[in-house]
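Read the structure below first, then the notes.
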Amino acid sequence: MTAAVTQLLAELAAAMPTVRTPFTTADRAERVYEAYIFAQVVASAAECGALISYENGSEAQVKDLLLRGAPGALHVRDRGFTHALLQFGNARPIEMHVRVKVQGKSFASESDILLLDTKTARESRDKRKLPAAVGCLLSIECKYYLVPLPRDEAIHYLGVRSNLSAKMQSLFVTNSFSAPANQCLGGEPWPYEFGVLPGTRFQQYVRAHIRQIVKRFIVTFDLSHRT
Amino acid sequence: MLEPVDAAIGAGIIDSTTPNSSAYHHRRGLWHGYVLDNDGRQRPDPQLVQRPYTREEAVLLLLDAMLAVYRDLPDMATDTIRELADGRDGRALPVDSIMSADGNGPDDAVNLWVTETGSDRENRLRVISALLALREAVLA
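Protein chains in written order, with my numbering: chain L, 1 to 227; chain G, 1 to 140.
Now the structure itself:
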């Protein structure tokens with residue numbers, strides 16, 4: 001057994017210098033995970049019959065996506081960060097932004113993925129102020145961890161969540177799992193999913209949550225849309 | 001990226017245990033003519049118990065973290081590029097490229113997401129296969 005393991009370690013040591021991986025920092029991993037969840041919302045919207053396009057802060061269509069690397073304000077247009085536009089039948093279009101701030105009851109907080117209707121987004125851009133959570137559909141918190149999810153992450157999320165309007169839905173999504181985080185989140189009404197990775201059943205559950213929330217929005221505009 | 005793994009191994013693992021839950025696994029029935037009611041009035045109360053990682057668990061945690069870095073995250077990036085470029089049967093505008101900024105300032109770098117070349121992928125697969133073999137050896 002020891003000889004076999006030694007041989008495998010030697011193989012690993014020989015193979016590793018030939019590989020370049022950009023994922024040497026947690027920050028890079030978080031960016032990829034957010035983009036992956038962004039793609040899940042796009043997939044879910046397409047499955048539900050939406051037409052999807054991408055825009056910069058001036059509402060000009062783009063095909064090269066530029067995603068935020070730090071929390072920002074959606075009304076700041078300097079860098080031309082991209083958002084997705086989801087159009088369902090006759091419903092007011094929904095915008096999906098990455099890493100933008102939302103105004104809560106007492107303080108502003110970051111939303112990794114924020115879905116809001118165009119009216120609220122345009123008000124934010126025109127008045128150059130953060131969108132109020134009460135006018136937003138859904139905020140998704142994305143957490144990528146190589147270890148069991150720390151309880152503090154769940155506590156922090158619930159603290160931020162309590163500052164937001166109950167009218168805005170939220171979803172906590174992570175690749176990881178831990179019993180302490182499950183204990184924290186399990187006692188609250190907000191949906192959460194552990195183990196969300198490509199090809200898993202948990203990915204399907206995330207898409208189902210998104211569909212339900214979008215469906216309730218669409219029905220206020222278009223009664224014939226079969227979301 | 002792997003530093004939190006060392007910290008997590010040092011801190012130990014927190015598991016859930018459920019005292020009194022076993023009574024609920026016993027089905028109701030008759031025992032020497034008496035009706036059994038194992039449900040009683042006790043409510044199961046899951047509790048968290050902290051313990052150190054075993055050596056095997058610690059090695060597996062490290063190997064899984066390395067698999068995340070060399071397999072899961074690169075595959076996730078590739079899948080995301082492919083999904084957004086796909087066009088979803090004409091429902092979505094196909095994306096030409098994805099870039100992510102390091103920050104929001106004008107001087108912050110912008111990273112273009114690139115799909116890996118065939119040789120890069122082969123090299124990565126060699127690392128993944130060695131990690132998977134090590135994982136199997138630990139479990140054996």
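Cβ atoms here follow ideal geometry from the backbone N, Cα and C, with glycine treated the same way.
- A contact is defined here as three or more CB-CB pairs under 8 angstroms, and the stretch 70-83 of chain G meets this definition with respect to the stretch 24-41 of chain L.
- Pairing residue 171 of chain L with residue 225 of chain L gives a Cβ-Cβ distance that is not under 8 angstroms.
- Taking 8 angstroms as the cut-off, the Cβ atoms of residue 8 of chain L and residue 130 of chain G count as close.
- Against chain L, the CB of residue 126 of chain G has a partner CB under 8 angstroms away; the residue lies at that interface.
- Per DSSP, the beta-bridge partners of residue 172 of chain L are L:141 and L:192.
- Classified as buried, residue 79 of chain L has 16 or more neighbouring CB atoms from the shown chains inside 10 Å of its CB.
- For residue 184 of chain L, DSSP records no beta bridge to any residue.
- Judged by DSSP secondary structure, residue 87 of chain L falls within the beta strand (DSSP E) whose first and last residues are 83-87.
- Separation of residue 68 of chain L and residue 152 of chain L (C-alpha to C-alpha, rounded to the nearest whole angstrom) is 25 angstroms.
- Judged by DSSP in its simplified three-state form, residue 122 of chain G adopts helix.
- Taking 8 angstroms as the cut-off between beta carbons, none of the residues of the stretch 84-96 of chain L comes near chain G.
- Using beta-carbon distances, residue 198 of chain L counts as an interface residue toward chain G, with a partner under 8 angstroms.
- Beta-bridge pairing by DSSP links residue 63 of chain L to no other residue.
- Here the alpha carbon of residue 6 of chain G sits roughly 14 angstroms from the alpha carbon of residue 26 of chain L.
- For residue 59 of chain G, there are no neighbours in chain L by C-beta distance under 8 angstroms, as the nearest C-beta there is about 10 angstroms away.
- Residue 73 of chain L counts as buried, since no fewer than 16 other beta carbons sit within 10 angstroms of its beta carbon.
- Residue range 51-55 is occupied by the beta strand (DSSP E) that includes residue 54 of chain L.
- Annotated three-state conformation of residue 110 of chain G is strand, per DSSP.
- Neighbourhood of residue 78 of chain L in chain G, by CB distance below 7 angstroms: 106, in chain order.
- Nearest to residue 4 of chain G by alpha-carbon distance, out of G:14, G:33, G:62 and G:53, is G:62.
- Closer than 8 angstroms to the CB of residue 80 of chain G there is at least one CB belonging to chain L.
- Judged by beta-carbon spacing, residue 116 of chain L lies within the 8 angstroms limit of residue 137 of chain L, meaning their Cβ atoms are closer than that value.
- Within 10 angstroms of the beta-carbon of residue 72 of chain G lie 16 or more other beta-carbons, which makes it buried.
- A straight line joining the alpha-carbon of residue 220 of chain L with that of residue 47 of chain G spans about 43 angstroms.
- Proximity of chain G to residue 31 of chain L at the Cβ level (cut-off 8 angstroms) is accounted for by 100, in chain order.
- Judged by DSSP secondary structure, residue 200 of chain L falls outside any beta strand (DSSP E); it is assigned neither H nor E.
- Apart from sequence neighbours up to five positions away, the residues of its chain that approach residue 97 of chain G with a beta-carbon distance below 8 angstroms are 112 and 113, ordered along the chain.
- Here residue 139 of chain L is not near residue 158 of chain L, since their CB atoms are 8 angstroms or more apart.
- Taking 8 angstroms as the threshold, the shortest C-beta distance from residue 45 of chain G to chain L does not fall below it.
- Beta-carbon to beta-carbon, residue 104 of chain L and residue 133 of chain L are separated by about 5 angstroms, close enough to satisfy the 8 angstroms threshold.
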